[in-house]
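Residue numbers (our numbering): 16 to 692.
By construction, the Cβ of each residue, glycine as well, lies at the ideal position given by its N, Cα and C atoms.
To keep things clear, I will list the structure first and then write my remarks on it.
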Amino acid sequence: MTTTTTAVLVPLLPFLGALAGLFLGRRAPGFVRPLAILPTVAAAALAVVVAVAQGGGAGAGKTPVDAATRLTPTGSVPIDLALHIDGFAALVAVLVAVVACCVQLYSTGYLRDDPRYPSYAALVSLFTAAMLLVVYSGDLMVLLVGWEIMGICSYFLVGHYWETEAARSASLKAFLVTKLGDVPFLFGIFALAADAGTFRITGILKTVAVGGLDHSTLIALLLLAGVAGKSAQFPLHTWLPDAMAGPTPVSALIHAATMVAAGVYFVARLLPVFAASAAAMVVLAVMAAVTMVGSGLAALAQDDIKRVLAYSTVGQLGYMTGALAVGDRGAAVFHLLSHGAFKALLFLAAGVVIHAAGTNSLAAMSRMRGLAQRIPDAYWTMTVALLALAAIPPFAGFFSKEAVLGAAEHAASGHATASGTLAAVPTAAGWTVLLAGLVTAFLTAGYATRLWLLAFHGKGPETAPDHGKQPIVMNAVLWVLFVPTLALGLATPALPDWFDGRSLTPTLTTSVLGTGIALVGALVTYGAWRHTTALAARVPLGAVAVAPDAAPADSEESAIATHAAAYGDNAGAPDPADPGRLLLGPLYRPAAVGFHLDAVYTALFVRPVRAGARLVRFVDREVVDAYVHGAGTASRWLGAAVRRAQTGNVQTYLGALLAGSLVLAVAVVLVATGTGA
């Protein structure tokens, strides 16, 4: 097969597997797991084949794979079914397919007793196919199809536990917030195509390089709205922490390889479009900085282990958008790859922890002894993943995060240009990203250390409950993801050939500074934990009651449904055992609720919309319907009057006829007399 044919099969196979799973799930349940796993594994293998055939990107002088066929004649701007595979696309597709394989395998054990597993597995395959379509697409309208399919898949998957109120509201919130960003995003695509005369990515980049765009700032800002929604960047990031109400494998897929990665990847593909506007680059830098710092503070105050990781994802995506804001898409995609590996590992390990502890509450875990000994596989793999998250060398997160900080330092010095363009990156963007990145390094190490200490080093009087061993496939997947988390940094010297040729090797200044700040953050958190851990036994907390032989998914569903009760009544008062409370001080309470952004949005948008809806309903019922009802009432009255004249009595009719004739005769005489006079 040619590389083009192989690339077409990569998103097609999971799509066909999803269709087959939906149709055969109930009729032939024995085929559900093979239909979920085999197409995804085949797609991963073919994605690797495509990457090997691509053999590098612009840095190695390799020409991208570019093929297209006219999809439909649309008049002025045609739509093409196009492929555009460069080094970025080839490596991101491998990440997506491999993580999707791990999620599907993990789910066979995690959701082994779930009656809705057939539809779940089919939706995961469809989700994977949509992201692969986004990665390989060379036409923005075709890319938009995959973009929107991911949105509807996230709605169904986040709401998988629809029996719980948290899952229902989270799925609706995820759908609406992302759609809020997609509306200006769609207008931005139309405006971009109108200026460039094509939806093809290659044509757009050629137009930008040759003559530029007529409305570059407007287009870039419209597109950034969609990116902020999809990649959970401030101010449209609020849906992502709530999306933790879905199953843990779904969280791993959304955070590591699909949904949130799509926005970053989109900006990387079209970076010259954004770099054409200095204002857009500064906006992107400010958005990244606020996202990084705000999410780091919020993560330090979360009690739900998955919400800590969710805010962590928001912050790491801020690093990626920060790298794009300083014009280095190689550093952004490198961090996307390494983050995809260790964040998938973190979420899947968190699923094992939740099953073993019977709760998703870190406060409850901190009162348990021996949890680490009950789940050694999850303990060791999660420990390494947290070290990678905190950017401690020699793990993958260190190399990718330092690439971002090095790019920001280069931009701050005024010597950076955006990839694919000669436009200089504003120094203000460089300083903004660099300072925010260093602050976030401190916060990231802090909340990673807090999670590790509270989850695995509880000092309470209770022994961790024995909920049985996890399925072997779940632990096996953890060790598969452990490999890139540990060793992806070794690929740093080779990656520039796949990207734009820029060096991704950490610089001495940012490496020493970033690592030192991270170590300080970890040590400060450890000191705070030592100070507060003695108080843990004084505030007893009840653990979520889960049957010892419950399946992992059942444990998580029960934990989600009863989390507020377990950590609300007994520990509604401030928990003195939480080091995050000591570190944040007065910021703890606002950080725990995301700095009240949901309340702000409710006041600014939800309440006015509801008030407007009530006004429209009043006008419709009391004004518009009044005329309709009035017309009906008048017709009824007229009908009643006519009905009274239709008595069926012949004598009455003759009397009325004679009376009428007499009246007419009198009228004629009067008229004639008056005329004669």
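query: beta strand (DSSP E) containing Val341: first to last residue?
result: It is not in any beta strand (DSSP E) - Val341 carries neither H nor E in the DSSP assignment.
task: Along the alpha helix (DSSP H) that carries Leu191, what are the first and last residues, could you check?
output: Element bounds for Leu191: 180-211.
field: Segment contact, 8 Å Cβ cut-off, at least three pairs: the region 295-312 with the region 359-369
entry: Contact between the region 295-312 and the region 359-369 is absent, because fewer than three Cβ pairs lie under 8 Å.
task: Using the Cα positions of Thr447 and Ala300, report the straight-line distance between them to the nearest angstrom.
output: Approximately 6 Å, taken between the alpha carbons.
The region 278-293 in contact with the region 222-233 per 3-pair CB rule at 8 Å: The region 278-293 is in contact with the region 222-233.
query: Exposed or buried, which one is Lys188 when buried takes at least 16 other CB atoms within 10 Å?
result: That one is buried.
- prompt: DSSP puts Asp3 in a beta bridge; with which residues?
  reply: The structure shown does not extend to residue 3, since the chain is modelled only from 16 through 692, so no value can be given for it.
Ala580 in three-state terms, based on DSSP: With a pLDDT of 43 at Ala580, under the threshold of 50, the modelled position of this residue cannot be trusted; read the value that follows with caution. Note: Ala580 maps to helix in three-state DSSP.
message: I'd like the span of the beta strand (DSSP E) that includes Leu251, first residue to last.
response: Annotation for Leu251: no beta strand (DSSP E) segment contains it, and DSSP assigns it neither H nor E.
Nearest residue (CA-CA) to Val305, options Gly595, Ala97, Val440, Gly452: For Val305, the closest alpha carbon among the candidates Gly595, Ala97, Val440, Gly452 is that of Gly452.
- prompt: When burial is assigned at 16 or more other CB atoms within 10 Å of the CB, is Gly32 buried or exposed?
  reply: Buried, because 16 or more other Cβ atoms sit within 10 Å of the Cβ of Gly32.
message: I need the boundaries of the beta strand (DSSP E) containing Arg85, first residue and last residue.
response: Membership of Arg85 in the beta strand (DSSP E) is indicated by the continuous run 80-87.
- request: Mind checking which residues open and close the beta strand (DSSP E) that includes Ile94?
  value: Looking at the DSSP string, the run of the beta strand (DSSP E) that includes Ile94 is 94-100.
task: Quick one: residues in its chain with C-beta nearer than 6 Å to the C-beta of Ala59, no 5 flanking neighbours on either side, listed in chain order?
output: Counting only Cβ-Cβ distances below 6 Å, and skipping sequence neighbours, we find Ala112, Val113, Cys116.
message: Checking 8 Å against the spacing of the C-beta atoms, do Arg389 and Ala470 come in under that value?
response: Annotated as distal: Arg389 and Ala470, with beta-carbon spacing of 8 Å or more.
- prompt: The alpha helix (DSSP H) with Lys416 in it runs from where to where?
  reply: Lys416: member of the alpha helix (DSSP H) spanning 411-427, first to last residue.
- prompt: Straight-line CA distance for Leu159 to Leu28?
  reply: If I take the Cα positions, the gap works out to 20 Å.
message: On the DSSP letters alone, give me the boundaries of the alpha helix (DSSP H) that Leu259 sits inside.
response: What sits at residue 259 in the sequence shown is Met, not Leu. Element bounds for Met259: n/a, residue is neither H nor E.
task: Please report the Cβ distance between Ala711 and Ala83, rounded to the nearest whole angstrom; I am assuming they are in contact, meaning their Cβ atoms lie under 8 Å.
output: Because the chain in this structure spans residues 16 to 692, residue 711 falls outside the shown range and cannot be described.
query: Would you say Val80 and Ile94 are within 8 Å of each other, going by their C-beta atoms?
result: No Cβ-Cβ contact shorter than 8 Å links Val80 with Ile94.
- prompt: For Arg596, does the count of other Cβ atoms within 10 angstroms reach 16, so buried, or fall short, so exposed?
  reply: Buried.
field: Ala393, DSSP secondary structure in three states
entry: Note: Ala393 maps to helix in three-state DSSP.
message: Quick check on the DSSP output: the alpha helix (DSSP H) that includes His546 runs from which residue to which?
response: Where His546 is concerned, the enclosing alpha helix (DSSP H) stretches over 523-547.
task: Kindly indicate which three-state DSSP category Ala491 falls into: helix, strand or coil?
output: Here Ala491 sits in helix by DSSP.
- prompt: Can you tell me where the alpha helix (DSSP H) with Ser231 in it begins and where it stops?
  reply: Run containing Ser231: 231-245, per the alpha helix (DSSP H) assignment.
message: Among Leu510, Asp154, Gly373, Thr442, whose alpha-carbon lies nearest the alpha-carbon of Phe414?
response: Taking each of Leu510, Asp154, Gly373, Thr442 in turn and checking the Cα distance to Phe414, the smallest one comes out for Leu510.
field: DSSP beta-bridge partners of Met380
entry: In the DSSP output, where bridge partners are listed per residue, Met380 has none listed.
task: Tell me whether the beta-carbon of Ala411 lies closer than 8 Å to the beta-carbon of Gly504.
output: In this structure, Ala411 places its C-beta atom within 8 Å of the C-beta atom of Gly504.
field: Environment of Val399 [buried if 16+ CB atoms lie within 10 Å]
entry: Per the 10 Å Cβ criterion, buried.
message: Within 10 Å of its beta-carbon, does Asp593 have 16 or more other beta-carbons around it, so buried, or fewer, so exposed?
response: Under the 10 Å beta carbon count, Asp593 is surrounded by 16 or more other beta carbons and is classified as buried.
message: With the cut-off set at 8 Å, would you say Val242 and Gly278 are in Cβ contact?
response: For Val242 and Gly278, yes; Cβs fall inside 8 Å.
field: Environment of Gly675 [buried if 16+ CB atoms lie within 10 Å]
entry: Gly675 should be labelled exposed.
message: Here's the rule I'm using: 16 or more other beta-carbon atoms within 10 Å means buried, otherwise exposed. How should Ala103 be labelled?
response: According to the sequence displayed, residue 103 carries Phe and not Ala. Burial of Phe103 is indicated by the presence of at least 16 other C-beta atoms within 10 angstroms of its C-beta.
- request: Please name the residue, chosen from Ile487, Arg384, His175, Gly330, that lies closest to Asp392 on a Cα-to-Cα basis.
  value: Taking only the C-alpha atoms, the option nearest Asp392 is Ile487.
message: My output table needs one value for Ala433: the three-state DSSP class, helix, strand or coil.
response: Residue state for Ala433 is assigned as coil, using DSSP reduced to three classes.
message: Report the CB separation of Pro521 from Gly421 in whole angstroms; it is logged as a contact under 8 Å.
response: With a beta-carbon spacing of about 6 Å, Pro521 and Gly421 fall inside the 8 Å limit used to define contacts.
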